[in-house]
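Going line by line, the protein sequences match chains A and B. Going by our numbering, the first sequence runs without a break in its numbering and finishes at 143. Going by our numbering, the second sequence runs without a break in its numbering and finishes at 143. The next block holds one structure in the form of structure tokens; read it before the comments.
There are 2 protein chains.
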Amino acid sequence: MSETGFVLDPRLQADTRPVASLALCEVLLMNDTRFPWLVLVPRRQGAVEICDLPASGQALLWDEASQASRALRAVAPFDKLNLGALGNIVRQLHVHVVGRREGDDAWPGPVWGSGPARPYGEDALEPLLARLRDELARVPR
Amino acid sequence: MSETGFVLDPRLQADTRPVASLALCEVLLMNDTRFPWLVLVPRRQGAVEICDLPASGQALLWDEASQASRALRAVAPFDKLNLGALGNIVRQLHVHVVGRREGDDAWPGPVWGSGPARPYGEDALEPLLARLRDELARVPR
Numbered sequence: 003m004s005e006t007g008f009v010l011d012p013r014l015q016a017d018t019r020p021v022a023s024l025a026l027c028e029v030l031l032m033n034d035t036r037f038p039w040l041v042l043v044p045r046r047q048g049a050v051e052i053c054d055l056p057a058s059g060q061a062l063l064w065d066e067a068s069q070a071s072r073a074l075r076a077v078a079p080f081d082k083l084n085l086g087a088l089g090n091i092v093r094q095l096h097v098h099v100v101g102r103r104e105g106d107d108a109w110p111g112p113v114w115g116s117g118p119a120r121p122y123g124e125d126a127l128e129p130l131l132a133r134l135r136d137e138l139a140r141v142p143r
Numbered sequence: 003m004s005e006t007g008f009v010l011d012p013r014l015q016a017d018t019r020p021v022a023s024l025a026l027c028e029v030l031l032m033n034d035t036r037f038p039w040l041v042l043v044p045r046r047q048g049a050v051e052i053c054d055l056p057a058s059g060q061a062l063l064w065d066e067a068s069q070a071s072r073a074l075r076a077v078a079p080f081d082k083l084n085l086g087a088l089g090n091i092v093r094q095l096h097v098h099v100v101g102r103r104e105g106d107d108a109w110p111g112p113v114w115g116s117g118p119a120r121p122y123g124e125d126a127l128e129p130l131l132a133r134l135r136d137e138l139a140r141v142p143r
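Written out as structure tokens, the structure is:
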């Protein structure tokens, strides 16, 4: 399974803004002010389940999810991290990294299916993306 | 962080039945006929976030989640695997491994917060636990 032919799912593309490209994954910011929320998408065309990646790819995916978690925590402190790989709607393999705050709009339920996103204003989005990129460049790989 | 003093959270204990003890995790079956659903709990007292485990423990956790996924698929075929580590309600670190079928009771939404469990009858539970144990013993570690 190679990087050749990888195309980001159009729904993921519509719901997010690109943050950074790590060794395996595209890191995207969900455009939803309700939750600090990153999505990691391995650049492997046709991957649906985590087991579709070779063992080394699975390990790298979780390393990058951990790296994304640390960056997210530095930029938007949270009480509890939620990690999820669902894919019931968008089949392209992707992992959610979501910072949860007690009393947030979906607390203590899951963010998935919790209603429509509340997009960032452009004024807020660019500085947030810049800070996430700085943190992702800083954290040990 | 050691195994000493590990006690399974009472809510997890009430909602599940024990399947097996792997090198790191207790594997539990959620007592809910609506979804084939395993929960993995690392025997590490005080662990809340995945990053509370050392890197080797994190790698083992994902290996065991993968092993549990294969066992679950062998026993109860599904269309899509859902993996999640939430912990908004029960803080003790645990990972959900859920087999989803198109049209199941929560499809395409998440299983978390999808209403009350429908427990297995004892007649169905014991054979299912036995099959899961067989599969967990069989799959390569």
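Using N, Cα and C, we set each Cβ at its ideal position, and we do this for glycine too. Small disclaimer: the values here were computed from a predicted structure and weren't measured.
- The residue among F37/B, F8/B, G7/B and R72/B with its C-alpha nearest the C-alpha of E137/B is R72/B.
- Each residue's CA atom was taken as its position, placing L14/A and N90/A some 13 angstroms apart.
- Rounded to the nearest angstrom, the gap between the Cα atoms of S68/A and V99/A is 9 angstroms.
- The way I'd put it, the region 105-114 of chain B does touch the region 103-122 of chain A; three or more beta-carbon pairs between them come closer than 8 angstroms.
- For G59/A, the enclosing alpha helix (DSSP H) starts and ends at A57 to V77.
- Taking a C-beta cut-off of 7 angstroms against chain A, the contacting residues of the region 81-96 of chain B are K82, L83, N84, L85, G86, A87, L88, G89, N90 and I91, listed in chain order.
- The residue from D11/A, P20/A and G101/A with its alpha-carbon nearest to that of R75/A is G101/A.
- Taking the C-beta atoms as reference points, C27/B is found nearer than 8 angstroms to V43/B.
- Excluding its 5 nearest sequence neighbours in each direction, V50/A has C-beta neighbours in its own chain below 8 angstroms: G89, R93, Q94 and L95, listed in chain order.
- The bridge partners DSSP lists for H98/B are V41/B and G86/B.
- Along the region 108-142 of chain B, going in chain order, the ones with a CB nearer than 7 angstroms to a CB of chain A are W109, P110, G111, P112, W114 and G115.
- Counting along the chain, the unbroken beta strand (DSSP E) around P20/B starts and ends at T18 to S23.
- Per DSSP, L131/B is one residue of the alpha helix (DSSP H) stretching across E124 to R140.
- Under the DSSP definition of a beta bridge, C27/A partners with P44/A.
- The alpha-carbon of A70/B is positioned some 45 angstroms away from that of D125/A.
- Closest by C-alpha distance to R133/A, out of D34/A, G86/A, V77/A and R103/A, is V77/A.
- Taking 8 angstroms as the cut-off, the Cβ atoms of R103/B and D81/B count as close.
- Scanning chain B for C-beta atoms nearer than 9 angstroms to the C-beta of Q60/A yields W64, D65 and S68, reported in chain order.
- Nearest in C-alpha terms to Y122/B, of all of T6/B, E5/B, L10/B and D17/B, is D17/B.
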